[in-house]
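Counting with my numbering, you get residues 40 to 233 for the letters of the sequence shown. Don't be surprised by glycine CBs; every beta carbon is placed ideally from N, CA and C. Since the structure is predicted, the reported quantities are computational estimates derived from the model, not experimental observations. Notes follow once the structure below has been shown.
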Amino acid sequence: MLIFWEQRLVFLATPKAGSTAVEVALEPLASLAVQHPPQMKHADAARFNRHIHPWLQDMTEDRFTTVALMREPVEWLRSWYRFHLRDYHDGPEDIPAGGFEGFVGRYIEQPKEVTMGIGTQSGFLGIGSAPPDRIFRYEDMQSFTRFLEDRLGCEINLPRINVPPAADVTLSDAATETLHKTLEPDFTLYASLP
């Protein structure tokens, strides 16, 4: 999470949606950068609105604009899978059983277990309660950086960091259909983003 005091702007760091690159690029401009522990770095919209935003408003008598990124839901899970592969260094035989499709099956059964307690992007972003003011598609980083450049008054160049290892992330039609049903709120939200 990054807080820009003068601009009354807060970046909520959606996991696996470019948050580390944004934080590396913008930390020098932020009034406050929360990067550790992960539970604070990745404070979700509900937690931010319940605890942090009232504190900021109390100090400034102003409302802060909140922004976040959202990744296409299947690509988001692919990123989580590759993230987990970092734990398996010795070779392909150490990749968890079932590959990406097995990982998706585990996600459908226990979503918070394989996403470090996050569950879904729609849940993280507080859809249905108090979502961020602006959600940008991760896949359209240009729109997001233009928004930041306008708000922060400077040119933004995001580095390419935290790149996960290459992996086979194919998914059968049946698994894709099940995943679409499971993540319907995420797909609906993603489709609604400009």
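- By the beta-carbon neighbour count (other beta carbons within 10 angstroms, threshold 16), S161 is buried.
- Among the bridge pairs identified by DSSP, R173 is matched with V106.
- F163 sits away from F175, with the two beta carbons spaced by 8 Å or more.
- Here DSSP, grouped into helix, strand and coil, assigns V49 to strand.
- Note on geometry: alpha-carbon atoms of R102 and P93 lie some 9 Å from one another.
- The DSSP-derived three-state label of I42 is strand.
- With respect to the C-alpha of W44, the residue from L71, A107, A60 and P170 having the closest C-alpha is L71.
- By the criterion of a C-beta distance shorter than 8 Å, N201 is surrounded in its chain by T59 and A60, once the five residues flanking it on both sides are discounted.
- Measuring C-alpha to C-alpha distances from L218 to each of K151, R199, I157 and Y146 identifies Y146 as the nearest.
- Annotation for G144: the continuous alpha helix (DSSP H) segment containing it runs G138 to E148.
- Across the structure, Q149 and E216 are spaced so that their CA atoms are roughly 18 Å apart.
- Comparing alpha-carbon positions, the option among K220, Y177, S211 and M79 lying closest to E114 turns out to be Y177.
- The criterion of a C-beta distance shorter than 8 Å is satisfied by R117 and F139.
- One thing to note: R121 has its Cβ within 8 Å of the Cβ of P203.
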